[in-house]
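J.: Chains as they are written, first to last, in this note's numbering: chain E, 441 to 670; chain W, 287 to 1133.
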Amino acid sequence: MIVARNLRQRYPRPGSDEPLVVLDGVDLEIAQGEILSVLGPSGSGKTTLLGLLAGLDLPTEGTVELAGRSLAVLDEDGRAALRAASVGFVFQSFQLVPTLTALENVLVPLELLGRPATAADREARARELLGRVGLTERVGHYPAQLSGGEQQRVGIARAFANEPRVLFADEPTGNLDGATGQGIIELLLELNREKGTTLVIVTHDLELARRAGRILHLSRGRVERMESPG
Amino acid sequence: MNRAFVTAMLRRELRASRRRLALYGGCMALGVAALVGLHGLRATTSRAIDAQAARLLGGDLRLSRRAPVPDDTRRLVGELVASTGGASAEVTHFGSMASAPATGRSRLVDVQAAGADYPLRGEVRTDPAEAWLRVREGNVPAAVADASLLVQLGIEIGDTLVLGAARFRVVGTVARAPGAFGMQTQIAPRVFIAHAAVGETQLVRPGSLVEYLVFVRAPSADVAAWVDANRATLENAHVRVQTVAGQMEDLERGVGIMTRFLGLVGLAALALGGVGVAAGVRVLVRDKLDTTAMLRSVGASSRDVIAIYGGLALVLGAVAGSVGAALGVALQWGLPVLLEGLLPVDVTPRFEPAAVATGVVLGLVVTLVFAVGPLVDLVRVPPLRSLRADFMAEPLPVVGRVAVGGLVVVSLVLVSCWQAPTVAVGLWFAAGLAAVLCLLAGAAAALAASLRRLRPRGAPYWLRQGLASLFRPRNHTVSTVLTVGFGLFLVATLHGVQANLRRQIALDTGPDRPNLVLFDVQADQVGPLEDLLEERGAAVVDRAPLVSARLSAIGGEDVATRIAVDADDREARWALLREYRLSYTADLRETDTIVAGTWWSDGEAGTSEPLPVSLETGIARALRVGVGDAVTWDVQGVPVESVVASVREVDWGRFSTNFVALLPPGLIEQAPSTTVFLARHPEAVARAALQRDLVRAFPNVSVLDASLILGALDAISARVALAVRMLAAFAVATGFLILVAAAAMARGERTREMLLLRTLGASTAVLRRVVTTEAVALGALAAVLGAGLSLFASWALMRFVFEIPFAPALGDTLALAAASFAVSALLGGAAGRPVRAGSPLAVLRAE
Chain E
441 MIVARNLRQR YPRPGSDEPL VVLDGVDLEI AQGEILSVLG PSGSGKTTLL
491 GLLAGLDLPT EGTVELAGRS LAVLDEDGRA ALRAASVGFV FQSFQLVPTL
541 TALENVLVPL ELLGRPATAA DREARARELL GRVGLTERVG HYPAQLSGGE
591 QQRVGIARAF ANEPRVLFAD EPTGNLDGAT GQGIIELLLE LNREKGTTLV
641 IVTHDLELAR RAGRILHLSR GRVERMESPG
Chain W
287 MNRAFVTAML RRELRASRRR LALYGGCMAL GVAALVGLHG LRATTSRAID
337 AQAARLLGGD LRLSRRAPVP DDTRRLVGEL VASTGGASAE VTHFGSMASA
387 PATGRSRLVD VQAAGADYPL RGEVRTDPAE AWLRVREGNV PAAVADASLL
437 VQLGIEIGDT LVLGAARFRV VGTVARAPGA FGMQTQIAPR VFIAHAAVGE
487 TQLVRPGSLV EYLVFVRAPS ADVAAWVDAN RATLENAHVR VQTVAGQMED
537 LERGVGIMTR FLGLVGLAAL ALGGVGVAAG VRVLVRDKLD TTAMLRSVGA
587 SSRDVIAIYG GLALVLGAVA GSVGAALGVA LQWGLPVLLE GLLPVDVTPR
637 FEPAAVATGV VLGLVVTLVF AVGPLVDLVR VPPLRSLRAD FMAEPLPVVG
687 RVAVGGLVVV SLVLVSCWQA PTVAVGLWFA AGLAAVLCLL AGAAAALAAS
737 LRRLRPRGAP YWLRQGLASL FRPRNHTVST VLTVGFGLFL VATLHGVQAN
787 LRRQIALDTG PDRPNLVLFD VQADQVGPLE DLLEERGAAV VDRAPLVSAR
837 LSAIGGEDVA TRIAVDADDR EARWALLREY RLSYTADLRE TDTIVAGTWW
887 SDGEAGTSEP LPVSLETGIA RALRVGVGDA VTWDVQGVPV ESVVASVREV
937 DWGRFSTNFV ALLPPGLIEQ APSTTVFLAR HPEAVARAAL QRDLVRAFPN
987 VSVLDASLIL GALDAISARV ALAVRMLAAF AVATGFLILV AAAAMARGER
1037 TREMLLLRTL GASTAVLRRV VTTEAVALGA LAAVLGAGLS LFASWALMRF
1087 VFEIPFAPAL GDTLALAAAS FAVSALLGGA AGRPVRAGSP LAVLRAE
């Protein structure tokens, strides 16, 4: 589902000729339906790797294939179209649009994809997803009227709305307390099992990481080791 | 582009941002309203002129000449009348003193001696209605006059009015008549008498300023054909032609210039609104960065983002344009009242679709142009920002920044040139506007930068924090200084210009200035008149001989040939055909400055042809002549050769005798001439008595009390100033709205920070001081810059446009600056109030 070869990412460093090396030669293959955790300390390049795998950015060197498409040959709008069709995101800071209700936030990917074809069907699907994450009573609420856990539930409903083939989760429990975070993880994994989605989770949380089929340990931009918690 | 998604998002963004958009739109709407009001007035007035032009002219054709209309012309007019079954009528028109024996008062009037059939179109409406009939019958010497004359002379209907050697009974007042309108009649009120009575007045003498008019009624196509066929003959006979179409064109041009000049003030309000929209959209965009990044990461294309937020700007512009247009339509009803006496026709305001469309287009264009910069930033937001909030787009390359800036500048120039009276004025206006905005923004940015370096480390916390607000990220320094400073600049500059113009008028009526003008003084009257003036204690300030002349050739080429060459050059045609009042003097006058050639110092200079002549720069430019060029004059039938010896800059702003063409004394003294005197008598009562006695002793001499002219000018300038002020009020209201919007933006952006300070233990008093420090500093900076720039602009306008000495209106400028400072500081201070008053927890939850 995802193939990354020799990924390198460098950024110019202000006041220095030496660039900042964030990723340095990462090779990776992730199979359909697999759950991969990316674990590493702050600054190890986890989020950068996720951004490159999801096509949010292009690497300085190396290639990424996502859902059978090489990202290098697509322009930004082409990558956006691929994300709309095949990718879902769960963000650490939820990234809900503050001026949209919970329902409207979940509707965004459905409207972008134009599936289901009618507005009524799209709304029914969004309501169903919100019901699935336990927010039937909160569909008309704005993000500011929801707790952190509820906001992340909306985020998960939105992430699964377009039935993505790959779902990227960036520190999905990073802004939540332990119990709430645990509930979110269970929900995420449950939906993943139901839908057969490939899941890439970036996390600091060792407990969360161990729920994955494989753990990629990243350190200073390099793959330190690949672990199968079994 | 995904249309369904874009439409849904646009609808939701509109729902979420409607209050903000209403504020930004309001900024734009006021400028649009001012322009729509003026466009509407212009369209309505033009329509009224079209409908009333023949009535205003008094016929379908008017011929005029400074001497009796020659027989050839009369024959041609007769042919036109005979072939079309039309009619003709004559009017003799001249300035004269009118005196009232009942009160002993006298006054310069505009005498119109009308033939029996006049007017051929329209009417002379009098009160009582039959008065005009009595004048035309001419059985008894009767006159009707503007009501203002009766008031000024202290007489009533039935009293006697003396014009020269004739006495007339005033049988009514004029309510409406062709010709002069509104404030024009304030300088010289009109008196209508029968044409047959001109002789009895004995006022028409050689050298008198008399205009002979012939009016014709005939179908317009026949008139046009007749004018085309006889143009050369008429021009050669120095007969000026005015048709209904020409009259319409002249009047509409005049109204167009007036409304377009007033429109510049509206345009300034519009530009100010644009600045407000740019500031508002920038804040809106800043709030949408995360949303955009998220939309991009879940698959929205850049086109989707442009469509959503460009659509938002489009709706903002369309709504602002529409609301502005609606306000403008309402304003259109108020403007004719405001401009009473300055419009040539009675105007009934009506809905003008073109004016409304112009307003909507202006609102849209200006909004989009000013929103482009912020929108470009939004489109460049990288999707990666959804993962890392600190991930920003790379700065727009220089080429892109120049393109965005260029778009704003080019649009500003195009809109200015479209709306201004002339392209040149539009360019100057745009340059001035850009310079003021750049100076304000530059000074604000420079101050913020210098504060960053010179932080007062020993100062209390609230002072450091408040001042730091001027330069830290998301500050409002430039936008506040731009809006408050520009609003103040506009108002203070308009006020400064008006104060200087009024001061100049006051100077011209000052103790050392002439206050009586006597013209048409015949050669044999000069001595006795000087004696009378001396006897009555009036001082002669200036005197100059006048010799009537026309141009007959330039550089050996006769005027008719030159006219054919310059057929499309209005200014050149006027300069070639006009009647000149030549004067002669040995010494350079104090209002003249030689800019080319030399003044004659040789006493023999004027004794033989070609005579040296000194021309004023404007007329030299119109005639396209310079030093050394030959100019031949027709001095009342006698050809006089001359050579341009010098070109002079004339200070027309001074109340004195000024001439476009001067000759040395000598040969020219033999030509028939009249003399104009400028005299001064300090006492108003004695001056009135002197005028009365002058009229009795010298009936043909016209005496003008200069205070009347200056009073009329003052009244006109006050009327224009009132209209300008009203339009400036739109700009000020725009500035105020922007300030309110800026305060709202500041509140939104400062909330989190204030709450953090409050959570960390800052007291309400400290928070208040922090917010107040920022507001006071911004208000003070804007006031100082706005006031300083307005003083500079007033000086520049006085120096280069009005060409009169500048005296800064310091007191008024300071008062305006203090008021703008107080308003902006109060509004800025109020921005922090909800945070200070609320509980940190409650607001943090809402955040």
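All C-beta atoms, glycine included, are put in the ideal place defined by N, C-alpha and C. Just so we're clear, the structure is a prediction, and the values are computed from it rather than from any experiment.
(1) Under 7 angstroms between C-beta atoms, does V1129 of chain W make it to chain E?
(2) For L347 of chain W, tell me which candidate among W:V410, W:V509, W:E865 has the shortest Cα-Cα distance.
(3) How long is the line joining the alpha carbons of G645 of chain W and A1017 of chain W, rounded to whole angstroms?
(4) Does at least one heavy atom of the ligand ADP sit under 6 angstroms from the Cβ of V770 of chain W?
(5) Starting from the Cα of T884 of chain W, find the closest Cα among W:A861, W:G1074, W:G912 and give me that residue.
(6) Should the segment 938-954 of chain W be called in touch with the segment 893-906 of chain W, which here means at least 3 C-beta pairs below 8 angstroms?
(7) Can you give the beta carbon distance from V484 of chain W to T378 of chain W, rounded, assuming they're within the 8 angstroms contact cut?
(8) Roughly how far, in whole angstroms, is the beta-carbon of P958 of chain W from the beta-carbon of G892 of chain W, given that I think they are within contact range, below 8 angstroms?
(9) Note down the Cα distance separating E1133 of chain W from A584 of chain E, rounded to an integer number of angstroms.
(10) Terminal residues of the continuous beta strand (DSSP E) containing H379 of chain W?
(11) Hey, is Q592 of chain E's beta-carbon within less than 7 angstroms of any beta-carbon in chain W?
(12) Using a beta-carbon distance below 7 angstroms, is A1132 of chain W in contact with chain E?
(13) Please list the partners that L540 of chain E has in chain W, where partner means a Cβ-to-Cβ separation under 7 angstroms.
(14) For A1128 of chain W, which of helix, strand or coil comes out of DSSP?
(15) Return helix, strand or coil for M666 of chain E, following the three-state DSSP convention.
(16) Taking the runs of the beta strand (DSSP E) that are 3 residues or longer, which of them lie wholly in the segment 494-562 of chain W?
(17) Classify S526 of chain E as buried or exposed, calling it buried when 16 or more other Cβ atoms lie within 10 Å of its own Cβ.
(18) Using a Cβ cut-off of 7 angstroms, pull out every chain W residue sitting near L490 of chain E, in sequence order please.
(19) So, is Q409 of chain E buried or exposed, given that buried needs 16 or more other C-beta atoms within 10 angstroms?
(20) Within this structure, are the beta carbons of T763 of chain W and L756 of chain W separated by less than 7 angstroms?
(21) State the Cα-Cα distance for the pair R750 of chain W and A1007 of chain W, rounded to the nearest angstrom.
(22) Give the DSSP-derived three-state secondary structure of W938 of chain W in the structure shown.
(23) Quick check: what's the CA-CA separation for V633 of chain W versus T330 of chain W?
(24) Mind pulling the chain W residues with CB within less than 8 angstroms of T487 of chain E?
(25) Can you name the residues of chain W whose CB is closer than 7 angstroms to the CB of R665 of chain E?
(26) Beta-carbon within less than 8 angstroms of A652 of chain E's beta-carbon, same chain only, minus the 5 sequence neighbours each way: which residues are those?
(27) For G1097 of chain W and S434 of chain W, I'd like the C-alpha separation in whole angstroms.
(28) Look at the Cβ atom of Y582 of chain E, then the Cβ atom of T637 of chain E, and state whether they are nearer than 7 angstroms.
(29) Identify the contact partners of T577 of chain W in chain E, using a Cβ-Cβ distance below 7 angstroms as the criterion.
(30) Does the separation of the CB atoms of R934 of chain W and S900 of chain W fall below 7 angstroms?
(31) Determine, using beta carbons only, whether G686 of chain W comes closer than 7 angstroms to chain E.
(32) Check distances from the C-beta atoms of the segment 601-632 of chain E to those of chain W and list, in chain order, the residues that come in under 7 angstroms.
(33) Within 10 angstroms of its Cβ, does R856 of chain W collect 16 or more other Cβ (buried), or is it exposed?
(34) Who are the near neighbours of A417 of chain W in its chain, counting only those whose CB is closer than 7 angstroms to its CB and skipping five residues on each side?
(35) Are the C-beta atoms of L670 of chain W and some chain E residue less than 7 angstroms apart?
(36) Roughly how many angstroms lie between the CA atoms of Y595 of chain W and F529 of chain E, to the nearest whole one?
T.: Concretely, from the data shown:
(1) At V1129 of chain W the pLDDT is 46, less than 50, meaning the model places this residue with poor confidence; the figure from the coordinates comes in the next sentence. False, the Cβ-Cβ gap to chain E never drops below 7 angstroms.
(2) Cα-wise, what sits closest to L347 of chain W is W:V509.
(3) C-alpha separation (whole angstroms): 16 angstroms.
(4) With respect to small molecules bound, the structure shown includes none, and the ligand ADP cannot be examined in it.
(5) Of W:A861, W:G1074, W:G912, the smallest CA-CA separation from T884 of chain W is found for W:G912.
(6) Result yes; three or more Cβ-Cβ pairs closer than 8 angstroms.
(7) V484 of chain W to T378 of chain W, Cβ: 5 angstroms. Contact.
(8) The Cβ separation is near 17 angstroms, so there is no contact.
(9) Here the model assigns E1133 of chain W a pLDDT of 42, short of 50, so the residue's position is not dependable, and the following value carries that caveat. When rounded, the distance between both Cα atoms is 7 angstroms.
(10) It spans 373-386 - the beta strand (DSSP E) in which H379 of chain W sits, taken as one unbroken run.
(11) By this cut-off, Q592 of chain E is not an interface position.
(12) Here A1132 of chain W scores only 46 on pLDDT, less than 50, and its place in the model should not be relied on; the value that follows carries that caveat. Closer than 7 angstroms: yes.
(13) Here the neighbours are R298.
(14) Any answer about A1128 of chain W is weak, because its pLDDT of 48 lies below 50 and its placement is not dependable; what the coordinates show is given next. Helix at A1128 of chain W.
(15) DSSP places M666 of chain E in strand when its eight states are reduced to three.
(16) Correct list: 496-503, 526-529.
(17) Under the 10 Å beta carbon count, S526 of chain E is surrounded by 16 or more other beta carbons and is classified as buried.
(18) Residues of chain W passing the Cβ test: L673.
(19) With chain E covering only 441 through 670, there is no way to say anything about residue 409 of chain E.
(20) Yes; because the gap between Cβ atoms is below 7 angstroms, this pair is in contact.
(21) When rounded, the distance between both Cα atoms is 44 angstroms.
(22) DSSP, reduced to helix, strand and coil, places W938 of chain W outside both helices and strands of the structure shown, so it counts as coil.
(23) V633 of chain W and T330 of chain W: Cα-Cα distance of roughly 7 angstroms.
(24) Per Cβ cutoff of 8 angstroms: L673, R674.
(25) Below the 7 angstroms Cβ cutoff, chain W contributes no neighbours of R665 of chain E, its closest Cβ being approximately 24 angstroms away.
(26) Excluding residues within five positions, the ones whose Cβ falls inside 8 angstroms are I475, L476, S477, L639, I641, P669.
(27) A direct Cα-to-Cα measurement between G1097 of chain W and S434 of chain W gives close to 37 angstroms.
(28) At the C-beta level, Y582 of chain E and T637 of chain E stay beyond 7 angstroms of one another.
(29) Under the 7 angstroms cutoff, chain E gives V537.
(30) In this structure, the beta-carbon distance from R934 of chain W to S900 of chain W falls below 7 angstroms.
(31) With its beta carbon at least 7 angstroms from every one in chain E, G686 of chain W lies outside the interface.
(32) For the segment 601-632 of chain E, which is checked against every Cβ of chain W, the residues closer than 7 angstroms are D610.
(33) With fewer than 16 Cβ atoms within 10 Å of its Cβ, R856 of chain W is classed as exposed.
(34) If the five residues before and after A417 of chain W are omitted, its C-beta is found closer than 7 angstroms to the C-beta atoms of V430, V457, G458, all from its own chain and listed in chain order.
(35) When Cβ-Cβ separations below 7 angstroms define contact, L670 of chain W makes contact with chain E.
(36) Approximately 23 angstroms between the Cα atoms of the pair.
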